[in-house]
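Each residue of the sequence shown is one higher than the one before, counting from -16 in the numbering used here. Just so you know, even glycine gets a beta-carbon here, dropped at the ideal spot from N, CA and C. Please read all numbers here as calculations on a predicted model, not as lab measurements. Worksheet: one structure, shown below.
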Amino acid sequence: METAFFLAMGWCGTKYPGWWKKFFKNPPIPEPEPWWIIATIGLGLIAGLAGGTIFSIAIRNSPFFAGQAAIASGLFAFGTANIVTGIATSFRN
-16 METAFFLAMG WCGTKYPGWW KKFFKNPPIP EPEPWWIIAT IGLGLIAGLA
34 GGTIFSIAIR NSPFFAGQAA IASGLFAFGT ANIVTGIATS FRN
C-alpha cells in the first residue's frame, strides 16, 4: 500500500511539459508530442517511488517523525517528483 501511495504522490507531483513558459510570455502552445507526456509521467512515478521509499527508510526509527512517517514520506515523494520532472521538462526546448 505504501508503494501505491508513493506512486500516486509521484503522479500528482509531475509537472506538465513547458509549465514554466507561462511566466515569461503567453504564445500559443502546440500540443506536446505524446511520448514526451508519457515519459514525463513515468519519470514522475519513478521519482516519487524512489524519493518516498528512501525517505521512509531513512526516518523509520526517528522519534521526530513518530506516527507521521507515511505523511512525511508522501510529501517527500511529491516534492521529489515535482523537482525531477520540473528540471527534466525545462530541457525539452
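Residue environment for residue 72: buried (at least 16 other C-beta atoms within 10 angstroms of its C-beta). Under the DSSP assignment, residue -9 falls in the alpha helix (DSSP H) whose first and last residues are -15 to -5. In this structure, residue 52 lies near residue 42, with their beta-carbon atoms less than 8 Å apart. Taking all protein chains in view, the Cβ of residue 45 is surrounded by fewer than 16 other Cβ atoms within 10 Å, so the residue is classified as exposed. Across the set -6, 57 and 58, the C-alpha of -6 shows the shortest separation from the C-alpha of residue 21.
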